[in-house]
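In the working numbering, the protein residues as written are 42 to 540.
Note that CB positions come from ideal geometry on N, CA and C, so glycine has one too.
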Amino acid sequence: MILYDSVRTCLFLAIVLCTSFARPVVADPSRPNIVVIYADDLGYGDVTCYNPNGKLPTPHIDKLAAQGMRFTDGHSSSGVCTPSRYTLLTGRYHWRTRLQRGIVALWERPLIDADRRTVAGMLQDRGYTTACIGKWHLGWDWPRQRDRKGIDFTKPIKGGPTAVGFDSYFGTDVPNWPPFCFIEDDRTIGIPNSRLPASQMREHWASKQGPAVENWDLRNVLPTLTDRAVAFITESAKSDDPYFLYMPLTSPHTPLAVNDPWKGKSGLGGYGDLVLETDAMVGRVLEAIEASGEVDNTLVLFTSDNGCAPYIDVGKLEEQGHYPSGPLRGYKSDVFEGGHRVAFIVRWPGVVEPGTVNHQLVHQADLMATYAAIVGYDLADDEGEDSVSFLPLLRGSEETVRETAISQGGNGLMSIRSGDWKLIFGIGSGGWTKDIAETPGQLYHLADDIGETKNLYAERPQTVSELTAIMQQQIRNGRSTPGERQENDVPVRWNRIQQ
Numbered sequence: 042m043i044l045y046d047s048v049r050t051c052l053f054l055a056i057v058l059c060t061s062f063a064r065p066v067v068a069d070p071s072r073p074n075i076v077v078i079y080a081d082d083l084g085y086g087d088v089t090c091y092n093p094n095g096k097l098p099t100p101h102i103d104k105l106a107a108q109g110m111r112f113t114d115g116h117s118s119s120g121v122c123t124p125s126r127y128t129l130l131t132g133r134y135h136w137r138t139r140l141q142r143g144i145v146a147l148w149e150r151p152l153i154d155a156d157r158r159t160v161a162g163m164l165q166d167r168g169y170t171t172a173c174i175g176k177w178h179l180g181w182d183w184p185r186q187r188d189r190k191g192i193d194f195t196k197p198i199k200g201g202p203t204a205v206g207f208d209s210y211f212g213t214d215v216p217n218w219p220p221f222c223f224i225e226d227d228r229t230i231g232i233p234n235s236r237l238p239a240s241q242m243r244e245h246w247a248s249k250q251g252p253a254v255e256n257w258d259l260r261n262v263l264p265t266l267t268d269r270a271v272a273f274i275t276e277s278a279k280s281d282d283p284y285f286l287y288m289p290l291t292s293p294h295t296p297l298a299v300n301d302p303w304k305g306k307s308g309l310g311g312y313g314d315l316v317l318e319t320d321a322m323v324g325r326v327l328e329a330i331e332a333s334g335e336v337d338n339t340l341v342l343f344t345s346d347n348g349c350a351p352y353i354d355v356g357k358l359e360e361q362g363h364y365p366s367g368p369l370r371g372y373k374s375d376v377f378e379g380g381h382r383v384a385f386i387v388r389w390p391g392v393v394e395p396g397t398v399n400h401q402l403v404h405q406a407d408l409m410a411t412y413a414a415i416v417g418y419d420l421a422d423d424e425g426e427d428s429v430s431f432l433p434l435l436r437g438s439e440e441t442v443r444e445t446a447i448s449q450g451g452n453g454l455m456s457i458r459s460g461d462w463k464l465i466f467g468i469g470s471g472g473w474t475k476d477i478a479e480t481p482g483q484l485y486h487l488a489d490d491i492g493e494t495k496n497l498y499a500e501r502p503q504t505v506s507e508l509t510a511i512m513q514q515q516i517r518n519g520r521s522t523p524g525e526r527q528e529n530d531v532p533v534r535w536n537r538i539q540q
């Protein structure tokens, strides 16, 4: 950040005059503010700049892409929620932990160990103010009542964001699950000793009944989170310290609790309306960054935890000409590309050339190494074991930075990418999409077959063997990057071909 003493001010003015306002000046490219906006269940084809034929306008996300770099081959760690969040925050594949299928269950303990370095903790050590505002869904140490039959909401809830590198937290753990309340740092705001009305559960597709604060309205969640993010950005801009905001949105995941300005506006039902509202909230965050005067010194990354959920009546959307996965096969939960290939956009004025499109393979695990490279942090051998810096790509390099990537379906079915080849270690989709394969595994060449329509498993045994060996090595080493061998938390079950 610019220090407003006379010497630094004169230096800044000299730089501005010399560049003749040709392009924005980054005050300190080694210490930019960093904002991660993490959509929930947003399909690759739900964003107009990824799917020009889509029926849902997303002008704010599209503008972000026009001002920065849009990656076409960006991936989450899983086709479902919790594992992707773990990997994004730790730079380590989630399947190295106890969570090798599914998500963290209601009232489950934390998935991130207290001594595990996260992106937030790393940046905190570099002088950043760190905040998480939004959906957590990575487990807590919920305080149990004496009879062990419920949660004692009068006590602190440990093991959450403030235990793993965040200075502050505000959000809802899982918006469609209890407790139906906001949590600030490690305390609920109010005591959830009521129940959500059944009518609200049905109307907005909330999936699990449980403790709620009085008068809880699911429609208030997304705008309240946005209000908090805007306030954090505005206040943080007054400090000389950089900030890191991790904003995991609750949308367009269920509950489909759409507010009046967007209700019925998409013509594609509650899900379509919520995509429009989500885009508007992204716009509010971007406007706050601009209004703070820090836009030229702020790196913004937008992505999603997985693809669009098929249970929001995808068939009806597609009948009306909107394909949430675009050209990809599958949806949320699947090991197919529609499950984990997601929007992946980075804006960083003065570093990233506006309007660029990058087709290199990148992964959400890479945030750890990329931000470490930016701030000059040397990752230890037991930090970010699967993270590869894509900083060279942001600076315009066309060289490959990530050779392989691993993603997983919701039921634990694994896949590995190496270049354009993708090997799935078993049959089926790994999720909710119905599929039967005639071979024990699946091999696709994505450069020629982005829709994964032609299974080459039987025709390319050598390629299968090579990819299998790479997978075995990365599991055995406890890492996929150079460094000292690490232990996985538990034995990894990965190869259904041999079962």
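When you compare only the Cα positions, how much space is there between R537 and N518?
-> Numbered from 1 along the sequence shown, position 496 holds the residue referred to as residue 537. Numbered from 1 along the sequence shown, position 477 holds the residue referred to as residue 518. Their backbone Cα atoms lie some 20 Å apart in a straight line.
According to DSSP, what are the bridge partners of K463?
-> Here the question's residue 463 lines up with position 422 in the sequence shown. For K463, which the question treats as bridged, DSSP gives the partners R458, Y485.
Do R228 and H178 have their C-beta atoms closer together than 8 Å?
-> To locate residue 228, count along the sequence shown from 1; it is residue 187. To locate residue 178, count along the sequence shown from 1; it is residue 137. With respect to the 8 Å criterion, R228 and H178 are not classified as neighbours on the basis of their beta carbons.
CB contact flag (L402, R458, <8 Å) = For the purposes of this step, residue 402 is taken as the residue at position 361 of the sequence shown. For the purposes of this step, residue 458 is taken as the residue at position 417 of the sequence shown. Contact flag set, yes.
Does the Cβ of H400 have 16 or more other Cβ atoms within 10 Å, making it buried, or fewer, making it exposed?
-> If you number the sequence shown from 1, residue 400 lands on position 359. Exposed: under 16 other Cβ atoms inside 10 Å.
Selection from G175, D314, G334 that minimises the alpha carbon distance to S277 = Within the sequence shown, the letter at position 236 stands for residue 277. When only C-alpha atoms are compared, the closest one is G334.
N- and C-terminal bounds of the alpha helix (DSSP H) containing R269 | As a working mapping, residue 269 is identified with position 228 in the sequence shown. For R269, the enclosing alpha helix (DSSP H) begins and ends at 262-277.
I144: buried (16+ other C-beta within 10 angstroms of its C-beta) or exposed?
-> As a position in the sequence shown, residue 144 is number 103, starting the count at 1. Burial call: buried.
If we call anything under 8 Å between Cβ atoms a contact, is G132 one with L434?
-> Here residue 132 corresponds to residue number 91 of the sequence shown, with the count starting at 1. Here residue 434 corresponds to residue number 393 of the sequence shown, with the count starting at 1. When the beta-carbon positions are compared, G132 and L434 stay at least 8 Å from each other.
With contact counted as at least three CB pairs below 8 Å, one residue from each stretch, are the stretch 94-105 and the stretch 477-488 in contact?
-> Verdict: no, contact absent.
If you count every other CB in all the chains shown that lies within 10 Å of the CB of G308, and 16 or more means buried, which is it?
-> Translated into the one-based positions of the sequence shown, residue 308 becomes position 267. Classification for G308: exposed.
Kindly indicate which three-state DSSP category H135 falls into: helix, strand or coil?
-> Looking up residue 135 in the sequence shown gives position 94. Of the three classes helix, strand and coil, the one that applies to H135 here is helix, per DSSP.
Could you give the DSSP three-state label for D490: helix, strand or coil?
-> Taking the sequence shown and counting its residues from 1, the one referred to as residue 490 is at position 449. Annotated three-state conformation of D490 is coil, per DSSP.
Spatially closest choice to R150 from D337, R139, G356, by CA coordinates = Position 109 of the sequence shown holds residue 150. Closest by alpha carbon: R139.
What residues match up with F221 in a beta bridge as DSSP calls it?
-> Along the sequence shown, one-based indexing puts residue 221 at 180. For F221, which the question treats as bridged, DSSP gives the partners A253.
So what does DSSP say about Q401, is it helix, strand or coil?
-> Indexing the sequence shown from 1 puts residue 401 at position 360. Correct three-state label for Q401: strand.
Along the chain, where does the beta strand (DSSP E) that runs through Y541 open and close?
-> Because the chain spans 42 through 540 in this model, residue 541 falls outside it and cannot be assessed.
Any idea which residues DSSP pairs A414 with across the strands?
-> Numbered from its first residue, the sequence shown carries residue 414 at position 373. Note: A414 is not bridge-paired with any residue in the DSSP secondary-structure output.
Rank G168, P184, S240, E318 by C-alpha distance to the C-alpha of S71 and give the top, closest one.
-> Counting from one through the sequence shown, the residue named residue 71 turns up at place 30. Selected option, being the one with the closest Cα: G168.
In its own chain, which residues sit with a C-beta less than 7 Å from the C-beta of F62, not counting the 5 before and 5 after it?
-> Here the question's residue 62 lines up with position 21 in the sequence shown. Only weak support exists for where F62 lies, its pLDDT of 25 falling under 50; the value from the coordinates is given anyway. Excluding sequence neighbours, F62 sits near nothing in its chain.
With a 10 Å radius around its C-beta and 16 neighbouring C-beta atoms as the bar for buried, classify T195 as buried or exposed.
-> Sequence index remark: in the sequence shown, residue 195 carries index 154 (1-based). Residue burial is scored here from C-beta neighbours: T195 has fewer than 16 other C-beta atoms within 10 angstroms and is therefore classed as exposed.
Short Cβ contact (8 Å threshold) for L297 with G311 = In the sequence shown, residue 297 corresponds to position 256, counting from 1. In the sequence shown, residue 311 corresponds to position 270, counting from 1. In this structure, G311 lies closer than 8 Å to L297 by Cβ.
So, are the CB atoms of V398 and G120 less than 8 Å apart?
-> Translated into positions along the sequence shown, residue 398 becomes position 357. Translated into positions along the sequence shown, residue 120 becomes position 79. It is not a contact, given that the beta carbons lie outside the stated cut-off.
Look at the Cβ atom of Y85, then the Cβ atom of G367, and state whether they are nearer than 8 Å.
-> Walking along the sequence shown from the start, residue 85 turns up at place 44. Walking along the sequence shown from the start, residue 367 turns up at place 326. It is a contact, given that the beta carbons lie within the stated cut-off.
Could you pull out every residue in the same chain whose Cβ sits closer than 7 Å to the Cβ of G396, ignoring the five residues on either side in sequence?
-> By one-based count along the sequence shown, residue 396 stands at place 355. Excluding five sequence positions before and after G396, the CB atoms of its chain that fall closer than 7 Å to its own CB belong to A107, given in chain order.
Could you round the C-beta distance between L315 and P293 to whole angstroms and report it? I think they count as a contact, below 8 Å.
-> For this step, residue 315 is matched to residue 274 along the sequence shown. For this step, residue 293 is matched to residue 252 along the sequence shown. The Cβ separation is near 4 Å, so the contact holds.
For Y91, I'd like the list of residues in its chain whose CB is within less than 8 Å of its CB, leaving aside the five on either flank, ordered along the chain.
-> Within the sequence shown, the letter at position 50 stands for residue 91. The residues are Y85, R111, T113, G367, A384.
Considering only residues of the same chain and omitting the five flanking positions on each side of L237, which have a CB-CB separation below 7 Å?
-> On the sequence shown, position 196 is the one that residue 237 refers to. Result list for L237: F221, A247, Q250, A253, W257, in chain order.
Which listed residue (P233, Q449, D214, Q405) has its alpha carbon closest to that of W181 = For the purposes of this step, residue 181 is identified with residue 140 of the sequence shown, where counting begins at 1. The residue from P233, Q449, D214, Q405 with its alpha-carbon nearest to that of W181 is D214.
When DSSP labels each residue in this structure, what does A63 get in the three-state scheme?
-> For the purposes of this step, residue 63 is taken as residue 22 along the sequence shown, with counting starting at 1. Because A63 carries a pLDDT of 27, less than 50, the predicted location of this residue cannot be relied on, and the following value inherits that uncertainty. In the structure shown, A63 adopts coil according to DSSP, grouped into three states.
Identify the continuous alpha helix (DSSP H) that holds Y312 and give its terminal residues.
-> Numbered from 1 along the sequence shown, position 271 holds the residue referred to as residue 312. Taken as a continuous stretch (DSSP letters only), the alpha helix (DSSP H) holding Y312 covers 310-332.
Using DSSP with H/G/I as helix, E/B as strand and the rest coil, what is G86?
-> Taking the first residue of the sequence shown as position 1, residue 86 is located at position 45. The answer is helix: DSSP assigns G86 an H, G or I state.
Just the C-alpha distance for N261 and M512, rounded to the nearest angstrom, thanks.
-> Residue 261 sits at position 220 when you count from the first residue of the sequence shown. Residue 512 sits at position 471 when you count from the first residue of the sequence shown. Rounded to the nearest angstrom, the two C-alpha atoms are 44 Å apart.
For the putative contact between E426 and R501, defined by C-beta atoms under 8 Å, what is the C-beta separation to the nearest angstrom?
-> As a working mapping, residue 426 is identified with position 385 in the sequence shown. As a working mapping, residue 501 is identified with position 460 in the sequence shown. Not really, about 29 Å apart at Cβ, beyond 8 Å.
Span of the beta strand (DSSP E) holding G115?
-> Here residue 115 refers to the residue found at position 74 of the sequence shown. Per DSSP, G115 belongs to the beta strand (DSSP E) from 110-116.
Measure the C-alpha to C-alpha separation of S374 and V271 and round it to an integer number of angstroms.
-> On the sequence shown, position 333 is the one that residue 374 refers to. On the sequence shown, position 230 is the one that residue 271 refers to. Spanning the two alpha carbons is a distance of roughly 32 Å.
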